[in-house]
Every structure is written in C-alpha cells, then in structure tokens.
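Written out below as structure tokens is the structure these notes cover.
Number of protein chains: 2
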Amino acid sequence: MLNPCDTAFLDRLRGLLPEGCLSAPEARYLEEPRGRWQGVAGAVARPGTVAEVATIMAACNAARVGVVPWGGGTGLVGGQLQPTGPAPLLLSLERMNRLRGAYPEENTLVVEAGMVLADVQAEAANVGRLFPLTLASQGSCRIGGNLAANAGGVHVLRYGNTRDLCLGLEAVLPDGTVVSGLTRLRKDNAGYDLRHLLIGSEGTLGVITAASLRLFPIPAATLVALLVVPAPTAALDLLTLAQERLSGMVSAFELIHRAGFDFLAETLPEIRAPFDPLPDWMVLVELGLPAGIEPEMAMANLYDAADDRGLVTDGVIATSHAQADALWHLREMIPEANRRIGAVSSHDISLPLSAIPDFIARAPEVIADLGVFRVNCFGHLGDGNLHWNVFPARGRSRKDHEDVRDAVKTRVHDLVHSMGGSVAAEHGVGRLKVADLARYGDPGKLVAMRAIKAALDPHGIMNPGAVLAG
Amino acid sequence: MLNPCDTAFLDRLRGLLPEGCLSAPEARYLEEPRGRWQGVAGAVARPGTVAEVATIMAACNAARVGVVPWGGGTGLVGGQLQPTGPAPLLLSLERMNRLRGAYPEENTLVVEAGMVLADVQAEAANVGRLFPLTLASQGSCRIGGNLAANAGGVHVLRYGNTRDLCLGLEAVLPDGTVVSGLTRLRKDNAGYDLRHLLIGSEGTLGVITAASLRLFPIPAATLVALLVVPAPTAALDLLTLAQERLSGMVSAFELIHRAGFDFLAETLPEIRAPFDPLPDWMVLVELGLPAGIEPEMAMANLYDAADDRGLVTDGVIATSHAQADALWHLREMIPEANRRIGAVSSHDISLPLSAIPDFIARAPEVIADLGVFRVNCFGHLGDGNLHWNVFPARGRSRKDHEDVRDAVKTRVHDLVHSMGGSVAAEHGVGRLKVADLARYGDPGKLVAMRAIKAALDPHGIMNPGAVLAG
Chain X
1 MLNPCDTAFL DRLRGLLPEG CLSAPEARYL EEPRGRWQGV AGAVARPGTV
51 AEVATIMAAC NAARVGVVPW GGGTGLVGGQ LQPTGPAPLL LSLERMNRLR
101 GAYPEENTLV VEAGMVLADV QAEAANVGRL FPLTLASQGS CRIGGNLAAN
151 AGGVHVLRYG NTRDLCLGLE AVLPDGTVVS GLTRLRKDNA GYDLRHLLIG
201 SEGTLGVITA ASLRLFPIPA ATLVALLVVP APTAALDLLT LAQERLSGMV
251 SAFELIHRAG FDFLAETLPE IRAPFDPLPD WMVLVELGLP AGIEPEMAMA
301 NLYDAADDRG LVTDGVIATS HAQADALWHL REMIPEANRR IGAVSSHDIS
351 LPLSAIPDFI ARAPEVIADL GVFRVNCFGH LGDGNLHWNV FPARGRSRKD
401 HEDVRDAVKT RVHDLVHSMG GSVAAEHGVG RLKVADLARY GDPGKLVAMR
451 AIKAALDPHG IMNPGAVLAG
Chain F
471 MLNPCDTAFL DRLRGLLPEG CLSAPEARYL EEPRGRWQGV AGAVARPGTV
521 AEVATIMAAC NAARVGVVPW GGGTGLVGGQ LQPTGPAPLL LSLERMNRLR
571 GAYPEENTLV VEAGMVLADV QAEAANVGRL FPLTLASQGS CRIGGNLAAN
621 AGGVHVLRYG NTRDLCLGLE AVLPDGTVVS GLTRLRKDNA GYDLRHLLIG
671 SEGTLGVITA ASLRLFPIPA ATLVALLVVP APTAALDLLT LAQERLSGMV
721 SAFELIHRAG FDFLAETLPE IRAPFDPLPD WMVLVELGLP AGIEPEMAMA
771 NLYDAADDRG LVTDGVIATS HAQADALWHL REMIPEANRR IGAVSSHDIS
821 LPLSAIPDFI ARAPEVIADL GVFRVNCFGH LGDGNLHWNV FPARGRSRKD
871 HEDVRDAVKT RVHDLVHSMG GSVAAEHGVG RLKVADLARY GDPGKLVAMR
921 AIKAALDPHG IMNPGAVLAG
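Here the protein sequences come in this chain order: X and F. Sequential numbering from 1 applies to the first sequence in our numbering. Sequential numbering from 471 applies to the second sequence in our numbering.
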C-alpha cells in the first residue's frame, strides 16, 4: 500500500531539492483532454536536472509515495493522472527541455524529455533535417511523453513509431538509479535493450529524462493528394501499388470516410468539402520524394496505374503548399468535429492490414442491436490503425446511449481481438484500458510483464494503477 | 548452482517428449566458427513444436538444469556453447523451421525460429517481397539466432537491425510459459514490449520459437559501385551527400581499406584487385531504386556531385548483375582473407558516425608500443560499425603476439568506450565479452539487467554464463 504525498513528506523532500522545485499542482495538471477523469496529487515537482529527478524518485521510493510522470498532459487514455488512491507526486519534466546536442552529420538530435514535440521538429529543421513524428498535439505534447507512450501519428508508415525514432535514453528507475544510455549508435548489442522496455511502458517502470533521436534528410519535394477509392479493399490495393512503385517514399496514407466530412459540415460549416457529392471513401496520400523524381509526374503515374486497376475514381492533387496544407487541415479537423458531435465510444485499434475491409464490414453489425449509430472510421490505414468511433444519430446525444456505451466498446474490442488486432494501437493503455489489457492480453505476456514490473518497481510507486492493475 | 543434464534427468525428460527428440550431441553442436571454445552438453533436444519446447523448459527449470539455445551455430562470440560448468541441455530449434504464413499484401512473413536465413529470404522472394537481412552466414544461420543476437549485416543502413524487422514473437520463458505474440500489427501499444527485450538477449531470458517478420517491396533496380575516397572523412561526407540526394534508397555503404585487398592478394591471389595501384580507402555503395529513376543516371549524378566536392577520385560502377556480384564478392571475401592471415585481435565496434575518422587516426597509436601490426579496418560505415582487426606483420604469426593480445583488445576497447562507442556492435556479447559488458556497461543499465534476469529466470537456467556473469 502506498502512502500519500503529504505535508510531512513534502517538507522532507523540499530540503533535498533547490528552491521552487515543488509546488501545489495547478488545475492543468489534474485534467485531461477528454474530461473523463479528475486527478489527485499532493504536489507537482518540476526538476531541472536528472540528479534532481533521481533525488525525487529515491525519496518517493523510500517513503512509498506514488509518482505520476507528466509530459504535456495530452494523453487520451488517462496515463498522466491518477483519479483515486493516496495522493501521488506529479513529476513534470517541463523544465528539462534543453537541447543537449545536434549532430546533423549523424542524423541525430539529443534532447531532454520535457522538450515540446514541435520544438524537437524545429531543432531538427534548424540543422537541415527532419524529425518525422507528427501528431495533432505536437504543439503541447513533450517528447518524453511521446516516448513513454510510444506515440504514433501520421508518418509511422514511412518512419516508424516513436520507438523506431529513438537511439538511446537517459532514464531514472524507481529507486533513483540513473540509466545513462544516450548513445548515438546505430548498432549496439551490449546487453538487454532497456530503451525499448521503457518506451511504451507509460511511466510505470521509470522516468525518461532525455533521448537521442533519429533524424532524416528532408525530402526534396512533398506531394499531397486526396484520392477517391471505391471501397476499403481498393484503398489497400492502392497502398500496395504505391509501395511497390515508390518504395519507402510514401510518407502518409490516411483513410477518410464520408462521415468525417459530414461531421465537419454539421459542426464547422466554414470548412468546404473537397468533393460534391461526397464519396464514401477517400485516402489522403503524402509522398516525400528525393531530387530527380518530378513530384507531379510521380503522383500522376501512380494515379494512372491505380485508375487502370479500378482503384481510384477521382482525386485532388495539391499543386501548392497552401493546397497541401488545406488537404491536411481537412484530415486534422476530423477529430475536432468528432469532439463536437460527441462519441458514444471511440476505438483506437489496429488490425492486420488484410483484415481491415472485413472489420469495416462486420463491426457495424456487432453493435446494430444496441442502437441507431453513426460511425466515423478514419485513420492511419498504412499502419493498419483505425479510429473507429461510434456516434449518436443526428439530433440525438451521446447521453442517450450511456447505458450501452460499455457494451459497444466490448463488442467492438471483442471483434478486433478475434481478428488478431490490438485494442490499444497508438494511444496506449493508460488507465482507460487496464481491464482491456487484462482481458485481451496474452496470458504469458502478462506473467512476464508483472515479473518485470515487480523487479524494477517492487513497491509499485511508478504511475500506480496505469497499464497493470495493482 | 545448476545441476548437470545427466542420465537420470534425461530419462525423465524422454518420457515427456515424442521419440527422437533427445540425442547425444554431435560434434557440430560443441564447436564454433573461430575455434576458441569447445562446448559441453548432456544432450541435444530437437523439439518439433512450441509445446515440446515448453515441456523441455519447464523440466529443466524444475530440475535446475541449464539450457543453451542453439540456432545455426554461427555466432562469433560464443553465445551458442557453454565451455565449462554442469553440462547443460542444448536446445536446437532446427526442426522448427516451417513457414507459418506469408502475407505479401501486409509485407509480413511468419516463420519458425529454426528456419535458415536464406530460406526466409527465399520465402519472401516467393511472394514477390524482400526480407533484407543479409549476412555472410545466411546459408546456415537461423532466424531465431539472428533475432536472439539482433544480427546486423550489410543492409542495416536502410532497413535496420534484425529487431527492426520483427513485428512479433512467439517465445517460451524459462519456466515453460509460452508468450504468444505473433502479431502482424504495425502499431500495438498494449503493454510492455517483450519482443525487444527478448531480441538481443542472446537466449538468456527465454527461447524464441517463431517470429512475424517485416517484408519490403523489391527495389525495381539495384546498382552497386566501388568508389575511391581520399580519406574516411570524405567517405562520411559522401554518405551524407548520398542520403540527402537519395534518401532511403542507399541500401549499403561499406568501407574498405587497402589492407583488405592486400590480404586477398596474399591469401587468395586468384581474386583480382579492382584498382592498380590500390588506393587506401574505398566504399562499396549499393542503391536500391524504384521504377522511374534511371539507375546509372542516379549513380552518375551522385558521382559527379561527389567529384565536385572532392569526395571521390575514382570508381567502378557495375553495369551488370555479374559485375555487381563480383564487387560484393570482393567485400565478402575480406573476412576469409582475415581468417587466413590470422588476427591478433578482432574488434566489432560501433561509434557515433562523426567520431569515426578520429578513431581511425588514433586507434593505431594506442597499440603502437605493443608490437608491429597491420590493421584491416572495414565494415558497415553507414551504421558506424567497423570491424577493426589487428594482424601480425607479414611473415609473422598471431602466435608471436599471444602475450599482448589482451592488452591490444583492452586498449582498443577503452578508446572506443571513451569516444562514446560500443564494443559489442553487431555480434553481441555472448561469452566473449561478458567482462567487457561489466567493464564498459552503464552501471544503472547493469542493475536493471540483473533485476530483469532474476525476475524472468530466477534459477539462472537460460544460457548460463552468457551476457551476464553468474
């Protein structure tokens, strides 16, 4: 059982830290984007160095006080706040936001965990390189949180998940042990890969304090198109065609259903739809091309080849940066429209690519007897990652379906699981999906996870209640 | 303390397994390529199913009998044999070599751990895809061993290390627990990443029995060139130039020193040198290009741009498959020439890319007072991974330097470590570098490694003596 982060503990901890490191937590630390939970905390610590983080962790471990790491507070599964139980200490890395080094000739950047993702992207651009992690919250999320959650986003297809963008980590284990692994090496087989164990563990095994990140050359040209496809199977065939013709140059491949534009028309009518009438299915394709390939030609050739095979029926190709931004803006506003409509249940799922058309066909059937719903299915098709979200019929509200919300979620997740998919694709487990992990997780994997958690965090101070039930 | 795999234990185990699963170990299981060690073993088990592997592991765990996993026996650091101590059971996966499934539309292949790497490559080619892991022993090493060791090879620059080519694993933990993680998902954040913990753990945490692997489109055209560079710095600048111009299409970038060709002339005189007189430094570049880029033009443009910057002085561009194979053959015969000369000490090291020229300049100095040596420095420059090997002067033998061998190794490794490098880049730790890991490993990382090892393998049965000292 953990102890609360109370005045007596804070008085002791204050004596070990520089002035100003500890304070009462403002409201922003105890809220999360979807408003599902309210957090509790005895204080927020904002250390400025890894040594201070180590001091904090060792003190919390000795006193059996919970620690909830806090990045940018943008997580969607409640990993960043603890709603019940003995008040923990919030550990915010926001003051550790420095650039430790830029090595463009190595395609490497070393940054502290509290750097905002947009600043990481800017530091890379400053040295003529690309840091490809791109997601909606990039203006406020922090790279340490992206790493802890193994964030996804729109460029995973080409550049991988956050874990694939990390060469090394500096981290602090629950007992205050510092792991100094800020390697800039591309090959290093000297011992177990702690980096990948910490990445995606959502702050339950330790705290990431800095990372060395992979950079990439900036493509000479970027081309964006919104293509109309007759069905999800055609979208997958188009993906295969694009990959075969432009191996490694397809930077994004996003599926969009008509519902997304319907929702935009309903909630943000100033945004103009790209087609009239609206087709059922579209894909947003981004190519990043080297010098020597004429971008419009590459896209036109792809379109013609797809047309020959019946995989596309119409399309808009951006001919300027402004048009490209406008197409991406359409895609990026869909979550905002979703929020305004108000989902009965949202699902961040992934499937084997070839199972996706079947899932899209079957999923509405498994919830059909629970009510009359609208479904907005969109997301990172290239990664097999869909946001399959269920909404009330027009004129009704999510509140009208509160009683079936859990049933909707369970039936969708059961279907995903039965088809070899994951119910925690890119947003993680957090506190929202603890029961899902217990239900769907491989029993052998859960045994190993519990053993590792007990080994590295024997008192269970790290992010209590997240990922694994206590 | 472990118990030997003796007759009494084997009699009990035999009753739990199908006939023919256990036998006396032939000599091939107890030897390794460099002839440094002779292994001991009570028997070799060749299970045919994951259930049989689980039975074997559970029995060994209960009886405290060591288990040494055996893939293709090609490892260079002694991870596959135990030279001393209570005789372990050798666990060979060679009968588990089936294709479990091919999904070209998902760029995924699911294979059992005992499949020979060349067969994995062939299964991928059978469905029109590329499995890019390419290394000298591919005709006999097995994919389970490649995964356990996180093998590198010549295509890491473009496609990553073995861990980057794996989507999911089936594995058996030391107590017989089966972890069923053969996902074909590109995004899955449901819990800790056991896959990456097992990959690279060299059989010390469990046994990999099957894997789902990432495939890639086959490039429309491949072009190979051997280019002469004035110095290692120029080679690195050429790499940067190539990456900027042909982002993601540089498949290999291998550094070759004149010594490699001198050794070939000395030991395999039938192999003709590509230049006369031989230059000091060369790079072997492989481009893998999509349709729409004319290969010779791409290479010619790269050469001209490099020439303008003074980064190349000469070159041979292969104009046929046969010429490309001949250039690769030169590169691949260098290790054979090394073997015939006989190294005083071989170093599989990696460095931050920008530190490489400095290392190449300084390394000969740190061993200068230990004798008169020849150095052959070659390897995967694109990954910062050099094979920096020390040889006796012409007419002398490695035996003449036995007394300084350890000093040579330590001084080279000390230098690598001081420059932020790794002394176990792509071959792993095995038993050869256990002391190096203890010496150079981050203390915090070692603490965490020991905790994880104790949690997953409390009796220490898995590959005793490998990676971590007992």
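C-beta atoms are modelled at their ideal positions from N, C-alpha and C, and glycine is treated no differently. Predicted, not measured: the structure shown is a model, and the values here were computed from it.
Residue range of the beta strand (DSSP E) that residue i falls in?
i      : result
F:E593 : Counting along the chain, F:E593 falls outside any beta strand (DSSP E), though it belongs to the alpha helix (DSSP H) covering 587 to 596.
X:D348 : 348 to 350
X:T209 : 207 to 214
X:H328 : The question names His, yet the displayed sequence has Trp at residue 328 of chain X. Premise fails: X:W328 lies in the alpha helix (DSSP H), 321 to 341, not in any beta strand (DSSP E).
X:F253 : 250 to 257
F:G614 : That residue, F:G614, is in no beta strand (DSSP E); its alpha helix (DSSP H) goes 613 to 619.
F:P539 : 537 to 540
Can you check DSSP and say which residues form a bridge with residue i?
i      : result
X:F373 : X:P392
X:M222 : Inspection of the sequence shows that residue 222 of chain X is occupied by Thr rather than by Met. Bridge partners of X:T222: X:G288.
X:G315 : X:L227
X:H387 : X:D348, X:F378
X:R129 : X:P217
X:M462 : X:V67
X:V172 : X:V178, X:V207
X:N3   : X:V65
Determine the DSSP secondary structure at residue i, reduced to helix, strand or coil.
i      : result
F:E432 : The displayed coordinates of chain F run from 471 to 940. Any statement about residue 432 of chain F would go beyond what the structure contains.
X:C166 : strand
F:E850 : According to the sequence displayed, residue 850 of chain F carries His and not Glu. It is a strand residue.
X:R100 : strand
X:P443 : helix
F:L561 : strand
X:A24  : coil
F:V510 : coil
F:S824 : helix
X:A136 : coil
F:S892 : strand
F:V753 : strand
F:I741 : coil
F:V899 : coil
X:L264 : helix
Could you spell out the range, first to last residue, of the alpha helix (DSSP H) harbouring residue i?
i      : result
F:L664 : 664 to 668
F:A515 : F:A515 -> not in any alpha helix (DSSP H); beta strand (DSSP E) instead, spanning 513 to 515.
X:S180 : It is not in any alpha helix (DSSP H) - X:S180 instead sits in the beta strand (DSSP E) that spans 178 to 181.
X:E244 : 232 to 245
X:D304 : 295 to 308
F:L627 : 626 to 629
If you count every other CB in all the chains shown that lies within 10 Å of the CB of residue i, and 16 or more means buried, which is it?
i      : result
F:D876 : exposed
X:S418 : exposed
X:L302 : buried
F:K869 : exposed
X:S137 : buried
F:V842 : exposed
F:L685 : buried
X:Q82  : buried
X:G428 : buried
F:E496 : exposed
F:E489 : exposed
Cβ closer than 8 Å: which chain C residues qualify as neighbours of residue i?
i      : result
X:P219 : Absent from the structure is chain C; the protein chains it does hold are X and F.
Between the segment 391 to 420 of chain X and chain F, which residues of the former have a C-beta closer than 7 Å to a C-beta of the latter? So the list reads G420, given in the order they occur along the chain.
Positions along the segment 451 to 467 of chain X whose CB lies within less than 7 Å of some CB in chain F: Those would be A451, I452, A454, A455, L456, V467, in chain order.
Just by C-beta distance, which residues in the segment 101 to 131 of chain X are closer than 7 Å to chain F? The segment 101 to 131 of chain X vs chain F, Cβ under 7 Å: Y103, E105, E106.
Near-chain F residues of the segment 239 to 262 of chain X (beta-carbon distance less than 8 Å), N- to C-terminal order: Of all residues in the segment 239 to 262 of chain X, those with a C-beta nearer than 8 Å to a C-beta of chain F are T240, Q243, E244, R245, L246, S247, G248, M249, reading in chain order.
According to a CB-to-CB cut-off of less than 9 Å, which residues of the segment 891 to 915 of chain F neighbour chain X? Here the close residues are G891, S892, V893, A894, A895, E896, H897, G898, V899, K903, D906, L907, Y910, G911, D912, P913, G914, K915.
Residues from the segment 635 to 647 of chain F in contact with chain X, defined by Cβ distance under 9 Å: Hits within the stretch, in order: A641, V642, L643, D645, T647.
Relative to chain F, which residues along the segment 352 to 369 of chain X have a C-beta separation below 8 Å, given in chain order? Listed by position, the residues of the segment 352 to 369 of chain X near chain F (Cβ gap below 8 Å) are P352, L353, S354.
Relative to chain F, which residues along the segment 374 to 385 of chain X have a C-beta separation below 7 Å, given in chain order? For the segment 374 to 385 of chain X, the beta-carbon criterion of a distance under 7 Å to any beta-carbon of chain F is satisfied by D383, G384, N385.
Please identify, using Cβ separations under 7 Å, the residues of the segment 150 to 161 of chain X that lie next to chain F, in order along the chain. Contact residues of the segment 150 to 161 of chain X toward chain F are N150, G152, V156, N161 (C-beta to C-beta distance below 7 Å).
Residues within the segment 740 to 764 of chain F neighbouring chain X, beta-carbon criterion of under 7 Å: Against chain X - using a Cβ distance shorter than 7 Å - the residues of the segment 740 to 764 of chain F are P760, A761, G762, I763.
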